[in-house]
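S.K.:
Protein chains: 2
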Amino acid sequence: MSSELVCLSMEGGAAATTPAALPYYVAFSQLLGLTLVAMTGAWLGLYRGGIAWESDLQFNAHPLCMVIGLIFLQGNALLVYRVFRNEAKRTTKVLHGLLHIFALVIALVGLVAVFDYHRKKGYADLYSLHSWCGILVFVLYFVQWLVGFSFFLFPGASFSLRSRYRPQHIFFGATIFLLSVGTALLGLKEALLFNLGGKYSAFEPEGVLANVLGLLLACFGGAVLYILTRADWKRPSQAEEQALSMDFKTLTEGDSPGSQ
Amino acid sequence: MSSELVCLSMEGGAAATTPAALPYYVAFSQLLGLTLVAMTGAWLGLYRGGIAWESDLQFNAHPLCMVIGLIFLQGNALLVYRVFRNEAKRTTKVLHGLLHIFALVIALVGLVAVFDYHRKKGYADLYSLHSWCGILVFVLYFVQWLVGFSFFLFPGASFSLRSRYRPQHIFFGATIFLLSVGTALLGLKEALLFNLGGKYSAFEPEGVLANVLGLLLACFGGAVLYILTRADWKRPSQAEEQALSMDFKTLTEGDSPGSQ
C-alpha cells in the first residue's frame with residue numbers, strides 16, 4: 001500500500017522519495033552477496049589450501065575473482081539505478097559504468113589465473129560446458145560495456161537512438177548477469193566432481209558447504225532480478241534533470257530520456 | 001517502428017493486432033525448443049543406449065522428461081499470453097494452467113525414474129547441488145501452480161487481490177523457469193563428468209554434443225525471457241473482455257483485471 005502511495009507522489013513530480021520496502025530488499029541482497037563472497041573464500045581456505053599466484057593454488061584465484069567480479073560487482077552495478085534513485089542521473093550512470101569496469105578487470109584476473117594454471121599443468125583448455133559458457137559471458141559482457149558506453153556516456157548517440165537501445169541494454173544486462181550465475185554454478189559443480197569424486201555422495205562437509213554456496217548464488221541472482229524488475233521500484237523519470245544535466249552531450253543533440 | 005505503431009493502435013482500443021516481429025521470435029523460440037528436445041533424445045539414443053523403464057536405461061527417462069516438461073512445456077506455458085494475445089482471456093488462462101499441469105506430470109515421471117533407478121542401484125539420493133536445486137524447483141513449481149490456480153481460476157479471489165498477486169506470479173514464474181534451466185545445465189554437467197571422466201577434455205563427440213545442448217538450453221531460456229519481458233509485446237488490456245467474461249467468478253466479486 002505504502003509503495004503505491006509513493007508511486008503516485010512520484011508521478012505527480014513531487015520531491016525525491018524511496019519506496020518503503022526497497023531499502024530492506026537491497027540490504028537483504030547485500031547480505032546475500034557478502035555472504036557469498038565470504039563463503040567462497042571460506043571454501044577455498046578450508047578445503048582447497050587458500051590462494052597464491054605462484055603455485056598450484058593459482059587456480060583458486062579463479063573462483064574467488066569470478067564471484068567478486070561477475071557475480072557480486074556485476075549484480076550491484078545493475079542495482080545502482082534503484083539504490084541511487086534520487087541522485088543525479090549522470091552520477092549514477094558513471095557509477096554504473098565504473099562498477100562494470102571493476103567487475104571486468106577482476107574477472108580478467110580470474111581468467112588469466114585459470115588459463116595460466118592450465119598452461120603450467122599441461123591441461124586442455126575450453127573443452128567443458130562451464131568454459132564455453134564462461135567465454136560467452138565474458139565476450140557478451142565486454143561487448144555490452146562497449147556498446148553501453150558508446151550510447152549512454154560517450155557524446156554522440158541521439159535522444160531517440162538512446163530510447164530505442166535502452167530496453168535492449170537492460171534485457172541483455174540482466175541476461176548476461178543470469179548467465180554469469182549459471183556459469184558459476186557449473187564451475188562449482190565441476191570443481192566438486194573433479195576433487196570429491198565418490199565422496200560427494202557421502203555428504204562430505206565440503207560438498208554440503210559447496211551446495212549451500214550454490215543455493216546462495218541462485219538466491220543472490222533471484223534477489224537482484226526481483227529488485228531490478230519490480231515496476232514500482234523503477235527510477236522515476238525526472239524531466240527537470242533532463243533539461244539541466246547534459247551527460248557529456250552537446251546542446252544540439254539533446255539529452256538522454258527519462259528513467260533507466 | 002512498426003511495433004510502436006501497433007502499440008499506439010492498441011492503446012486506442014483498436015481491433016486485435018499482433019506486433020510485426022513477435023511471430024518470428026516465437027517461431028525462433030519453438031525451433032530452439034524442439035531442437036533441444038530432439039538433441040536430448042539423440043544424445044541419449046546415440047551415447048547412452050536409449051530409454052527403457054525396466055532396466056539400467058531407466059535413468060535416461062529422467063533427462064528427457066525434465067527437458068520436455070520443465071524446459072519446453074514450462075517455457076511455452078509462459079508464452080501463452082503473448083502467442084494467443086487476441087484470444088479470450090479465459091481460454092488463454094485455461095491453456096496456461098493445462099500446459100503447466102502437463103509439465104508437472106511429465107516432470108513427476110522424470111523424478112520417479114531417477115529415484116527408482118537410485119533405489120535399484122543402491123545409490124545415495126539428494127546429495128548433489130543438481131538434486132538440491134531440482135527439489136527446490138519442483139516444490140516451488142507445485143506451490144506456484146496451486147497458488148496461481150486459487151487466485152486466477154478458482155472462484156474466490158477478489159479483483160484487487162488478483163491485481164496485487166499478478167506481478168508476483170509473473171516474477172516467480174519466470175524465476176522458477178530460469179532455475180529449471182540452471183538445474184538442467186547442472187544435471188547435464190553431472191552426467192558428462194560421471195560418464196566421460198578424463199575423456200571429456202579430449203573433445204569426445206559426446207562431450208561436444210552435450211556442450212552444444214547446454215548452450216541451446218541457455219539460448220531457449222534467453223529467448224523465452226526476451227519474448228516475455230518485451231514491454232510492447234505484453235497482452236493488451238481488454239476492458240470489454242473484463243465486462244463480458246467472468247472467468248468462473250461470481251458477478252458480485254468482479255473479474256480479473258487487465259493484461260497479464
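The listed protein sequences derive, respectively, from chains A and B. Sequential numbering of the first sequence, starting at 1, is according to UniProt numbering. Sequential numbering of the second sequence, starting at 1, is according to UniProt numbering. Ideal Cβ placement from N, Cα and C applies to all residues, glycine included.
Distance check for G222 (chain B) and G33 (chain B), CA to CA, integer angstroms please.
M.R.: Here residue 33 (chain B) is taken as the residue at index 33 of the second sequence, counted from 1. Here residue 222 (chain B) is taken as the residue at index 222 of the second sequence, counted from 1. G33 (chain B) and G222 (chain B): Cα-Cα distance of roughly 11 Å.
S.K.: Short of 6 Å in beta carbon distance, which residues of its chain neighbour L95 (chain A), apart from the five on each side in sequence? Order them along the chain.
M.R.: Residue numbering aside, residue 95 (chain A) sits at position 95 when the first sequence is read from its first letter. Same-chain partners within the cutoff: V80.
S.K.: Please tell me whether L179 (chain A) and A184 (chain B) are closer than 8 Å, where the distance is taken between their beta carbons.
M.R.: In the first sequence, the residue the question calls residue 179 (chain A) occupies position 179. In the second sequence, the residue the question calls residue 184 (chain B) occupies position 184. Result no, Cβ atoms of L179 (chain A) and A184 (chain B) do not sit closer than 8 Å.
S.K.: Find the nearest neighbour of F31 (chain A) within the set A:N76, A:A157, A:L146, judged by alpha-carbon distance.
M.R.: Taking the first residue of the first sequence as position 1, residue 31 (chain A) is located at position 31. In the sequence on display, residue 31 (chain A) carries Leu and not Phe. Out of A:N76, A:A157, A:L146, A:N76 has the C-alpha closest to the C-alpha of L31 (chain A).
S.K.: Against E190 (chain B), what residues of chain A qualify as contacts under a CB-to-CB distance less than 8 Å, listed in chain order?
M.R.: Within the second sequence, residue 190 (chain B) is the residue found at index 190, counting from 1. In chain order: K189, L193.
S.K.: Could you round the C-beta distance between I176 (chain B) and L140 (chain B) to whole angstroms and report it? I think they count as a contact, below 8 Å.
M.R.: Translated into positions along the second sequence, residue 176 (chain B) becomes position 176. Translated into positions along the second sequence, residue 140 (chain B) becomes position 140. Confirmed, about 5 Å.
S.K.: Report buried or exposed for Y24 (chain A), applying the criterion of at least 16 other Cβ atoms within 10 angstroms of its Cβ.
M.R.: Numbered from 1 along the first sequence, position 24 holds the residue referred to as residue 24 (chain A). Classification of Y24 (chain A): exposed, given that the 10 Å Cβ count is below 16.
S.K.: Can you find a CB in chain B that lies within less than 8 Å of the CB of L185 (chain A)?
M.R.: Numbered from 1 along the first sequence, position 185 holds the residue referred to as residue 185 (chain A). Output row for L185 (chain A): interface = yes.
S.K.: Taking DSSP as the reference, what is the three-state secondary structure of Y24 (chain A)?
M.R.: By 1-based counting over the first sequence, the position of residue 24 (chain A) is 24. It is helical.
S.K.: Specify the secondary structure class of F154 (chain A) as computed by DSSP and reduced to three states.
M.R.: For the purposes of this step, residue 154 (chain A) is identified with residue 154 of the first sequence, where counting begins at 1. Coil.
S.K.: Among residues of its own chain, excluding the 5 on either side of Q58 (chain B), which ones have a beta-carbon nearer than 6 Å to its beta-carbon?
M.R.: Locating residue 58 (chain B) in the second sequence gives position 58, where the first residue counts as 1. Contacts found: A113, Y117.
S.K.: Can you give the beta carbon distance from G182 (chain A) to G182 (chain B), rounded, assuming they're within the 8 Å contact cut?
M.R.: For the purposes of this step, residue 182 (chain A) is taken as residue 182 along the first sequence, with counting starting at 1. For the purposes of this step, residue 182 (chain B) is taken as residue 182 along the second sequence, with counting starting at 1. G182 (chain A) to G182 (chain B), Cβ: 5 Å. Contact.
S.K.: When you compare only the Cα positions, how much space is there between G214 (chain A) and S158 (chain A)?
M.R.: Here residue 214 (chain A) refers to the residue found at position 214 when the first sequence is read from its first residue. Here residue 158 (chain A) refers to the residue found at position 158 when the first sequence is read from its first residue. If you take the alpha carbons of G214 (chain A) and S158 (chain A), they lie about 42 Å apart.
S.K.: Which residues in chain A have a C-beta closer than 8 Å to the C-beta of G182 (chain B)? List them in chain order.
M.R.: Locating residue 182 (chain B) in the second sequence gives position 182, counting from the first residue. Per Cβ cutoff of 8 Å: V181, G182, L185, A218.
S.K.: Helix, strand or coil for T17 (chain A)? Go by DSSP, reduced to three states.
M.R.: Mapped onto the first sequence, residue 17 (chain A) falls at position 17. In this structure, T17 (chain A) counts as coil in the three-state DSSP scheme.
S.K.: Does any residue of chain A bring its CB to less than 8 Å from the CB of G222 (chain B)?
M.R.: As a first step, residue 222 (chain B) is located in the second sequence; it is residue number 222 there, counting from the start. It does; some Cβ of chain A falls within 8 Å.
S.K.: On the premise that L216 (chain B) lies in contact with L36 (chain B), defined as a C-beta separation below 8 Å, what is that separation, rounded to the nearest angstrom?
M.R.: Numbered from its first residue, the second sequence carries residue 36 (chain B) at position 36. Numbered from its first residue, the second sequence carries residue 216 (chain B) at position 216. Right, the Cβ-Cβ distance comes to about 5 Å (below 8 Å), so this counts as a contact.
S.K.: Beta carbons nearer than 7 Å to chain A: which residues of the stretch 73–87 of chain B have them?
M.R.: Hits within the stretch: zero.
S.K.: Short check: CB of A61 (chain B) to CB of G110 (chain B), under 8 Å?
M.R.: On the second sequence, position 61 is the one that residue 61 (chain B) refers to. On the second sequence, position 110 is the one that residue 110 (chain B) refers to. Yes; because the gap between Cβ atoms is below 8 Å, this pair is in contact.
S.K.: So Y165 (chain B) is in the alpha helix (DSSP H); what residue range does that whole segment cover?
M.R.: Working through the second sequence from its first residue, we reach residue 165 (chain B) at position 165. Here the alpha helix (DSSP H) through Y165 (chain B) covers 159–196.
S.K.: I'd like to know if S29 (chain B) contacts chain A, where contact means its C-beta is closer than 8 Å to some C-beta of that chain.
M.R.: Position 29 of the second sequence, counted from the first residue, corresponds to residue 29 (chain B). Chain A, which has no Cβ nearer than 8 Å to the Cβ of S29 (chain B), makes this no.
S.K.: Would residue 297 (chain B) and K189 (chain A) qualify as a contact pair, given that the criterion is a beta-carbon distance under 8 Å?
M.R.: Shown here, chain B extends from 1 to 260; a query on residue 297 (chain B) therefore has no answer.
S.K.: Which value, in whole angstroms, describes the spacing of the CA atoms of K234 (chain A) and L228 (chain A)?
M.R.: Locating residue 234 (chain A) in the first sequence gives position 234, where the first residue counts as 1. Locating residue 228 (chain A) in the first sequence gives position 228, where the first residue counts as 1. Taking the straight line from one Cα to the other gives about 7 Å.
S.K.: Take A107 (chain A) as the anchor and find which of A:N195, A:F203, A:L64, A:A20 has the nearest alpha-carbon.
M.R.: Within the first sequence, the letter at position 107 stands for residue 107 (chain A). Ranking A:N195, A:F203, A:L64, A:A20 by Cα distance to A107 (chain A) puts A:L64 first.
S.K.: My guess is that F115 (chain B) and D125 (chain B) are in contact by the Cβ rule of under 8 Å, so how many angstroms apart are they, rounded?
M.R.: By 1-based counting over the second sequence, the position of residue 115 (chain B) is 115. By 1-based counting over the second sequence, the position of residue 125 (chain B) is 125. Correct: roughly 7 Å between the Cβ atoms.
S.K.: Please list, in chain order, all residues of the same chain as F172 (chain B) whose beta carbon is under 8 Å from its beta carbon, the five residues on each side excluded.
M.R.: To locate residue 172 (chain B), count along the second sequence from 1; it is residue 172. Excluding positions up to five away in sequence, the list reads L140, Q144.
S.K.: Measure the beta-carbon distance from A174 (chain A) to L225 (chain A) and round it to whole angstroms, keeping in mind my assumption that it falls under 8 Å.
M.R.: Taking the first sequence and counting its residues from 1, one reaches residue 174 (chain A) at position 174. Taking the first sequence and counting its residues from 1, one reaches residue 225 (chain A) at position 225. Yes, they are in contact, since the Cβ atoms of A174 (chain A) and L225 (chain A) sit about 7 Å apart, within 8 Å.
S.K.: In chain order, what residues of the stretch 200–219 of chain A put their CB closer than 8 Å to some CB of chain B?
M.R.: Listed by position, the residues of the stretch 200–219 of chain A near chain B (Cβ gap below 8 Å) are Y200, S201, A202, F203, G207, A210, N211, G214, L215, A218.
S.K.: Using a Cβ-based criterion (distance less than 7 Å to any ligand heavy atom), does C65 (chain B) qualify as near the ligand SAH?
M.R.: For the ligand SAH, the structure offers nothing, since it holds no ligand at all.
S.K.: Going by DSSP in three states, N86 (chain A) sits in which element: helix, strand or coil?
M.R.: Here residue 86 (chain A) is taken as the residue at index 86 of the first sequence, counted from 1. N86 (chain A): coil per DSSP, three-state reduction.
S.K.: Are the beta-carbon atoms belonging to W132 (chain A) and N195 (chain B) less than 8 Å from one another?
M.R.: Position 132 of the first sequence, counted from the first residue, corresponds to residue 132 (chain A). Position 195 of the second sequence, counted from the first residue, corresponds to residue 195 (chain B). It is not a contact, given that the beta carbons lie outside the stated cut-off.
S.K.: Are any of the Cβ atoms in chain A nearer than 8 Å to that of L36 (chain B)?
M.R.: Locating residue 36 (chain B) in the second sequence gives position 36, where the first residue counts as 1. It does not: the Cβ of L36 (chain B) has no partner Cβ on chain A nearer than 8 Å.
S.K.: Am I right that W43 (chain B) and L193 (chain B) are in contact with their C-beta atoms under 8 Å? What's the rounded C-beta distance?
M.R.: One-based indexing of the second sequence puts residue 43 (chain B) at position 43. One-based indexing of the second sequence puts residue 193 (chain B) at position 193. In fact, because the Cβ distance is near 15 Å, the residues do not count as touching under 8 Å.
S.K.: Between Y24 (chain A) and chain B, is the shortest Cβ-Cβ distance under 8 Å, so that the two count as touching?
M.R.: For this step, residue 24 (chain A) is matched to residue 24 along the first sequence. Not closer than 8 Å to any Cβ of chain B, the Cβ of Y24 (chain A) fails to qualify, so no.
S.K.: To the nearest angstrom, how far is it from the Cα of G156 (chain B) to the Cα of S163 (chain B)?
M.R.: Your numbering for residue 156 (chain B) matches position 156 in the second sequence. Your numbering for residue 163 (chain B) matches position 163 in the second sequence. The alpha-carbon atoms of G156 (chain B) and S163 (chain B) are separated by roughly 14 Å.
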